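In full-length UniProt numbering, the protein residues as written are 1 to 343.
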């Protein structure tokens, strides 16, 4: 497989990311081989021959295992029941030559023991190998039954949810299921590799964030409890004490200045004058309140006292205008009389 690359590396190096994408999608296969190999056709032919040899070896191995594990069927026990005279039941048993053949064939097929040519000729010229053509149908039936049992077991493993009564129908689809399973396994492995790479990248990001958080925490602790922070705190306390002392000095100086400027008689007179001003302020408030009440009676709207009577206000304004007009006329008459008297 191609070596994984951290996502942060690809993000921080755009040119390398483009090169890596070109290598993984255009030039190289997922297994690391090149897609533009001049000898790819020859390799494909060699690969096909290798697959054929593998298939032949697999068939040979399956037959060897089937013959090695083939056992004669056990006789079925039948319950005793009344039979007519002269009738008898016998369990089907394999012939003795076939049993000998089942015992002798597996070591020869597995090649565990190498026999000389003379031993091989002697072995093949005597029973049960000399009777192999006659025993071959029974041997084939046993091997077929063994292979069928193995295939059924494999089908049950591949289809665990299928009804056992219909499991034999899935036997023809075992190769396709195996190929699909292998493809799915490869896809899951690729997804797992991608997930591991993503998890590693996320873990690296998390570690970086933790590092930044710890750095900020250390800086905050140093700023709050470090030597500089303590020095600033002590300096601030010193400045606060100096400010309080200055405030106390200013208060004392103000008292001294007042005592120096104002004599006891002047302070007593000022106190009496302040009381007089307070009394005047109270009297002025009472007078203002009385005037507002009087204006309210005349219908004039006063702020804070609610709306006044517009009719009364209009009447009073008209009376004031007439009074001013009459005063002006009287002044004119007095002026005329004085002018006539002088004449």
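For glycine and all other residues, C-beta sits at the position ideal for the given N, C-alpha and C.
Just so we're clear, the structure is a prediction, and the values are computed from it rather than from any experiment.
*Would residue 123 pass as a contact of residue 132 if the rule is Cβ separation under 8 Å?*
no
*asked:* Please give me, in chain order, every unbroken run of the alpha helix (DSSP H) with length at least 4 that falls completely inside the region 107-132.
replied: 117-124
*Counted within 10 angstroms of its Cβ, other Cβ atoms place residue 66 as buried (16 or more) or exposed*: Flag for residue 66 reads buried.
*asked:* I'd like the span of the alpha helix (DSSP H) that includes residue 181, first residue to last.
replied: In this chain, the alpha helix (DSSP H) harbouring residue 181 covers 174-225.
*Secondary structure at residue 34, three-state DSSP: helix, strand or coil?*
In the three-state reduction of the DSSP assignment, residue 34 falls in the strand class.
*In the DSSP assignment, find the alpha helix (DSSP H) that holds residue 21 and state where it starts and stops.*
14-22
*I think residue 170 touches residue 163, with their Cβ atoms under 8 Å apart; what is that distance to the nearest whole Å?*
About 10 Å; that fails the 8 Å criterion.
*In angstroms, rounded to a whole number, what distance separates the CA positions of residue 144 and residue 47?*
30 Å
*Tell me the DSSP bridge mates of residue 28?*
34
_Which of the three DSSP states is assigned to residue 85 in this structure?_
Caution is warranted here: a pLDDT of 41 is assigned to residue 85, below 50, making its placement in the model unreliable, and no coordinate value can be reported.
*asked:* Against chain B, does residue 243 count as a neighbour if the rule is that its beta carbon must be under 8 Å from one of theirs?
replied: This model lacks chain B altogether; it includes just one protein chain.
*Report back the beta-carbon spacing between residue 254 and residue 262 to the nearest angstrom; my notes put them in contact at under 8 Å.*
Rounded, the Cβ-Cβ distance is 12 Å, inconsistent with contact.
*Figure out for me which residue from 280, 325, 295, 240 has the closest Cα to the Cα of residue 312.*
295
*In angstroms with no decimal places, state the Cα-to-Cα distance between residue 25 and residue 4.*
Approximately 14 Å between the Cα atoms of the pair.
*Rounded to whole angstroms, what's the CA-CA distance from residue 178 to residue 104? Just pull it up for me.*
33 Å
*Tell me whether the beta-carbon of residue 6 lies closer than 8 Å to the beta-carbon of residue 227.*
Taking the C-beta atoms as reference points, residue 227 is found no nearer than 8 Å to residue 6.
*asked:* Checking 8 Å against the spacing of the C-beta atoms, do residue 135 and residue 154 come in under that value?
replied: 8 Å or more divides the Cβ of residue 135 from the Cβ of residue 154.
*Secondary structure at residue 5, three-state DSSP: helix, strand or coil?*
coil
*asked:* Once DSSP output is grouped into helix, strand and coil, what is the label at residue 262?
replied: Residue 262: coil per DSSP, three-state reduction.
_residue 273, DSSP secondary structure in three states_ = helix
*In three-state DSSP terms, what is residue 137?*
Of the three classes helix, strand and coil, the one that applies to residue 137 here is helix, per DSSP.
*Going by the C-beta, is residue 268 closer than 7 Å to any heavy atom of the ligand GTP?*
Summarising the ligand content, the structure contains no ligands, and the ligand GTP is consequently not present.
*Evaluate residue 12 with the Cβ neighbour count: other Cβ atoms within 10 Å of its Cβ, from every protein chain shown; 16 or more gives buried, anything less gives exposed.*
exposed
*Looking at the structure shown, is residue 161 part of a helix, part of a strand, or coil, going by DSSP?*
Shown here, residue 161 sits in coil according to DSSP, grouped into three states, outside any helix or strand.
*Which term fits residue 127, buried or exposed, when burial requires 16 or more other beta carbons within 10 angstroms of its beta carbon?*
exposed
*Could you give the distance in angstroms between the alpha-carbon of residue 325 and the alpha-carbon of residue 319?*
10 Å
*Alpha carbon to alpha carbon, what distance is there between residue 36 and residue 49?*
22 Å
*In three-state terms, what does DSSP make of residue 39?*
Note: residue 39 maps to coil in three-state DSSP.
*Alpha carbon to alpha carbon, how far is residue 31 from residue 18? Give it in angstroms, no decimals.*
Taking the straight line from one Cα to the other gives about 20 Å.
*Coarse secondary structure for residue 97, derived from DSSP in three states*: helix
*Go to residue 323, then tell me how far its alpha helix (DSSP H) extends in each direction, as first and last residue.*
310-342
*asked:* Quick check on residue 76: buried or exposed, where buried means 16 or more other Cβ atoms within 10 Å of its Cβ?
replied: Any reading at residue 76 is ruled out, since the residue's pLDDT is 49, under 50, leaving its predicted position unreliable.
*Can you tell me which of 203, 240, 15, 142 puts its alpha carbon nearest to the alpha carbon of residue 64?*
142
*Buried versus exposed call for residue 146 [16 or more other C-beta atoms within 10 Å across all chains shown]*: Buried, by the Cβ-count rule.
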